[in-house]
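Participant: Handing you a structure now.
Protein chains: 2
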Amino acid sequence: MPYRVVVSNELSKLFNVLSHPIRVRIVEELKARELTVTELKDILEISSAATSQQLSHLRSHGIVVENRQGRNVFYHLRKPEIADWITDGLKFIGPDQSEVETMVTAIESARNAWGTASKQKEPPAKKASKRRT
Amino acid sequence: MPYRVVVSNELSKLFNVLSHPIRVRIVEELKARELTVTELKDILEISSAATSQQLSHLRSHGIVVENRQGRNVFYHLRKPEIADWITDGLKFIGPDQSEVETMVTAIESARNAWGTASKQKEPPAKKASKRRT
DNA sequence: TGCTAATATTCAAACATTGACATATATATT
DNA sequence: AATATATATGTCAATGTTTGAATATTAGCA
Numbered sequence: 220m221p222y223r224v225v226v227s228n229e230l231s232k233l234f235n236v237l238s239h240p241i242r243v244r245i246v247e248e249l250k251a252r253e254l255t256v257t258e259l260k261d262i263l264e265i266s267s268a269a270t271s272q273q274l275s276h277l278r279s280h281g282i283v284v285e286n287r288q289g290r291n292v293f294y295h296l297r298k299p300e301i302a303d304w305i306t307d308g309l310k311f312i313g314p315d316q317s318e319v320e321t322m323v324t325a326i327e328s329a330r331n332a333w334g335t336a337s338k339q340k341e342p343p344a345k346k347a348s349k350r351r352t
Numbered sequence: 220m221p222y223r224v225v226v227s228n229e230l231s232k233l234f235n236v237l238s239h240p241i242r243v244r245i246v247e248e249l250k251a252r253e254l255t256v257t258e259l260k261d262i263l264e265i266s267s268a269a270t271s272q273q274l275s276h277l278r279s280h281g282i283v284v285e286n287r288q289g290r291n292v293f294y295h296l297r298k299p300e301i302a303d304w305i306t307d308g309l310k311f312i313g314p315d316q317s318e319v320e321t322m323v324t325a326i327e328s329a330r331n332a333w334g335t336a337s338k339q340k341e342p343p344a345k346k347a348s349k350r351r352t
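Chains as they are written, first to last, in the working numbering: chain A, 220 to 352; chain B, 220 to 352.
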């Protein structure tokens with residue numbers, strides 16, 4: 220099996236773990252400091268069972284590491300850099316696809332069409348209806 | 220609504236788009252050069268309908284941009300840096316959770332337990348059964 | 001023009017799968 | 001026993017993938 224397949228499989232799993240808002244938040248909260256399950260639960264405003272489950276997710280993928288201290292279990296990031304890596308992802312969000320993006324596309328198509336210089340048949344109005352929700 | 224919630228929502232959506240191996244591969248393939256749907260379909264060895272749908276996904280999130288050229292539709296990355304960002308994610312994968320990670324955890328727990336110096340009751344063997352699949 | 005072939009997208013059905021949450025129970029530590 | 005955390009279970013909905021057919025879009029050509 221080609222390495223590309225293997226690697227994208229692994230990557231997609233990583234992304235999958237982070238595809239839940241709560242889990243993203245956990246990572247971001249842990250960026251600042253170690254936190255116990257209870258502390259997290261309070262921050263996230265969810266049940267402690269739910270918190271444990273999400274943590275279990277992150278743990279099984281090596282994102283976080285547990286560290287029991289008496290009755291409490293502290294969690295921290297196995298690789299703290301992941302927090303910054305995640306926020307770097309913000310670069311690739313928005314700006315609001317449906318608005319700007321179709322415009323960009325339209326412009327590109329237009330430039331291309333104008334460029335090849337053939338018959339032009341009312342492109343603008345039709346194109347606008349293609350907007351996705 | 221606190222900004223943290225909003226941001227992690229957005230981020231989790233981004234991650235969600237990339238949580239499928241095919242979509243990750245598409246991004247990586249597009250790192251090298253623009254590709255048509257047919258080319259992608261051949262590379263990925265899936266139907267063209269499937270390819271279109273995955274592209275539609277990526278498009279609607281502003282990851283890729285279409286660019287029609289005659290009968291073909293070329294796709295490229297809206298922000299080419301995303302390809303590198305994704306491969307950076309490899310840093311946070313493995314090395315094989317179940318093996319190493321439980322070991323690390325065990326060591327940490329042990330260090331802590333040894334540190335606080337109380338009764339030790341055969342920690343290693345028990346801990347090993349905690350391995351996840 | 002109008003027809004056909006090539007390319008790409010969409011639709012809808014079928015489908016599996018997942019996965020999140022709550023509740024309850026279990027484990028560990030003091 | 002009490003606190004803190006983990007897991008197990010059931011349920012529920014939502015989600016997402018695939019396939020095949022129908023529909024656009026464009027090029028080339030008669």
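Note that the Cβ used here is the ideal one computed from N, Cα and C, for glycine as well. Computed from a predicted model, the values in this text were never measured in an experiment.
Of all Cβ atoms in chain B, is any one closer than 7 Å to the Cβ of SER267/A?
Facilitator: Looking up residue 267/A in the first sequence gives position 48. So no, SER267/A is outside the interface.
Participant: Which residues share a DSSP beta bridge with LEU296/B?
Facilitator: Here residue 296/B refers to the residue found at position 77 when the second sequence is read from its first residue. Per DSSP, VAL283/B.
Participant: Where does LEU277/B fall in DSSP's three states?
Facilitator: Locating residue 277/B in the second sequence gives position 58, where the first residue counts as 1. In this structure, LEU277/B counts as helix in the three-state DSSP scheme.
Participant: My assumption, with CB atoms under 8 Å, is that HIS218/A sits in contact with LEU230/A. Please give the rounded CB distance.
Facilitator: Residue 218/A lies beyond the residue range present for chain A, which begins at 220 and ends at 352; the question has no answer from this structure.
Participant: In three-state DSSP terms, what is LEU237/B?
Facilitator: On the second sequence, position 18 is the one that residue 237/B refers to. Residue state, collapsed to three classes: coil.
Participant: Expressed to the nearest angstrom, what Euclidean distance is found between the alpha-carbon atoms of SER429/A and ILE241/A?
Facilitator: There is simply no residue 429/A to check, as chain A begins at 220 and stops at 352 in what is shown.
Participant: Determine whether the beta carbon atoms of LYS260/B and ALA302/B lie at a separation below 7 Å.
Facilitator: Counted from its first residue, the second sequence places residue 260/B at position 41. Counted from its first residue, the second sequence places residue 302/B at position 83. Not closer than 7 Å, so no.
Participant: What does ARG290/B touch in chain A if you count any residue whose Cβ is under 8 Å from its own?
Facilitator: Here residue 290/B refers to the residue found at position 71 when the second sequence is read from its first residue. Those within 8 Å of ARG290/B in chain A number zero; the least Cβ separation is about 13 Å.
Participant: Can you give me the C-alpha to C-alpha distance between ARG297/B and ASN286/A, rounded to a whole angstrom?
Facilitator: Counting from one through the second sequence, the residue named residue 297/B turns up at place 78. Counting from one through the first sequence, the residue named residue 286/A turns up at place 67. Near 41 Å, if we compare the C-alpha coordinates of ASN286/A and ARG297/B.
Participant: Examine chain B for any beta-carbon lying closer than 7 Å to the beta-carbon of ARG244/A, and answer yes or no.
Facilitator: For the purposes of this step, residue 244/A is identified with residue 25 of the first sequence, where counting begins at 1. Yes, ARG244/A lies at the interface with chain B (some Cβ there is under 7 Å from its Cβ).
Participant: Identify which residue in ILE305/A, THR306/A and GLU258/A has its Cα closest to the Cα of SER292/A.
Facilitator: One-based indexing of the first sequence puts residue 292/A at position 73. The sequence given here places Val at residue 292/A; Ser does not occur at that position. Checked all of ILE305/A, THR306/A and GLU258/A; the closest Cα to VAL292/A is GLU258/A.
Participant: Please list the partners that SER238/B has in chain A, where partner means a Cβ-to-Cβ separation under 7 Å.
Facilitator: On the second sequence, residue 238/B is found 19 positions in, with the first residue counted as 1. Here the neighbours are SER231, PHE234, ASN235 and SER238.
Participant: When the Cα of VAL283/A is compared with those of LEU277/B, SER227/B, ILE265/B and GLY313/B, which residue comes out closest?
Facilitator: In the first sequence, the residue the question calls residue 283/A occupies position 64. That would be GLY313/B, whose Cα lies nearest to the Cα of VAL283/A.
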